[in-house]
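**Student:**
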Amino acid sequence: MKLDLDNLDRAIASLDRAIHTWHAVVALPMLTSDDQETVKAGVIQNFEVAYEQSWKFMRRWLHENISPGITDGIPRRELFRLAAQQHLIEDVELWMRFHEARNLTSHTYDRRNAEQSFAAACRFLPLAGTLLQRLREHNA
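Residue numbers for the sequence shown, in this note's numbering: 33 to 172.
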């Protein structure tokens with residue numbers, strides 16, 4: 033079954049726009065630190081959505097193209113390992129770090145955690161784009 037990748041595409045595009053907006057406005061002299069934090073929060077929120085869509089599409093692809101139920105009840109690391117075996121991603125440990133960064137912001141707000149998640153979002157963007165491209169190439 034062919035996967036409809038539109039939601040993943042939109043989530044990654046939204047993260048891309050948020051990061052580009054951050055870079056465009058961060059140096060503007062009229063922005064307060066509160067304004068900058070608000071834009072950064074938008075990047076983090078878009079990262080959360082793009083990350084969630086990414087692993088869910090990995091899971092769907094594996095279910096549809098490898099074996100139904102192959103991902104039922106498996107830990108995230110195993111999901112990433114299976115995705116790497118199918119050449120959807122390359123670095124399982126890096127994807128686990130994205131998972132940890134995603135979890136940092138979902139439990140409590142802390143400025144240090146937000147900074148770590150923001151940095152992860154910036155590193156995540158090109159890898160999410162690569163995942164999307166590989167899913168398109170391997171979409172049955």
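Ideal placement from N, C-alpha and C gives every residue a C-beta, glycine not left out. No experiment lies behind these values; they were computed from the predicted model shown.
1. Check whether the Cβ atoms of Leu-163 and Phe-79 lie closer than 9 Å to each other.
2. Counting only the same chain and skipping the five closest in sequence on each side, list residues whose C-beta sits under 6 Å from that of Arg-108.
3. Between the Cα of Arg-134 and those of Arg-113, Asp-66, Ala-151, Glu-169, spot the shortest distance and give me the residue it belongs to.
4. Would Arg-155 pass as a contact of His-119 if the rule is Cβ separation under 9 Å?
5. Between Ala-59 and chain B, is there a C-beta pair that is closer than 9 Å?
6. If we count the other Cβ atoms within 10 Å of its Cβ and call it buried at 16 or more, is Ser-65 buried or exposed?
7. If you drop the 5 nearest sequence neighbours on each side, which residues of the same chain put their C-beta closer than 6 Å to that of Gly-74?
8. Let me check understanding here. Comparing Cα to Cα, which of Pro-100, Gln-77, Arg-92 lies closest to Ala-146?
9. Within 10 angstroms of its Cβ, does Gln-85 collect 16 or more other Cβ (buried), or is it exposed?
10. Look at the Cβ atom of Leu-153, then the Cβ atom of Leu-47, and state whether they are nearer than 9 Å.
11. Taking the alpha carbon of Ala-160 as the point to measure from, which residue in Asn-97, Ala-43, Ile-106 has its own alpha carbon closest?
12. According to DSSP, is Gly-74 helix, strand or coil?
13. Just the C-alpha distance for Ser-37 and Thr-137, rounded to the nearest angstrom, thanks.
**Tutor:** Reading off the structure:
1. no
2. His-131
3. Ala-151
4. no
5. The structure shown contains no chain B, having only a single protein chain.
6. exposed
7. Ala-50
8. Gln-77
9. buried
10. What sits at residue 153 in the sequence shown is Ala, not Leu. Taking 9 Å as the Cβ cut-off, Ala-153 and Leu-47 qualify as a contacting pair.
11. Ala-43
12. helix
13. Residue identity differs from the one stated: residue 37 is Leu in this sequence, not Ser. If you take the alpha carbons of Leu-37 and Thr-137, they lie about 26 Å apart.
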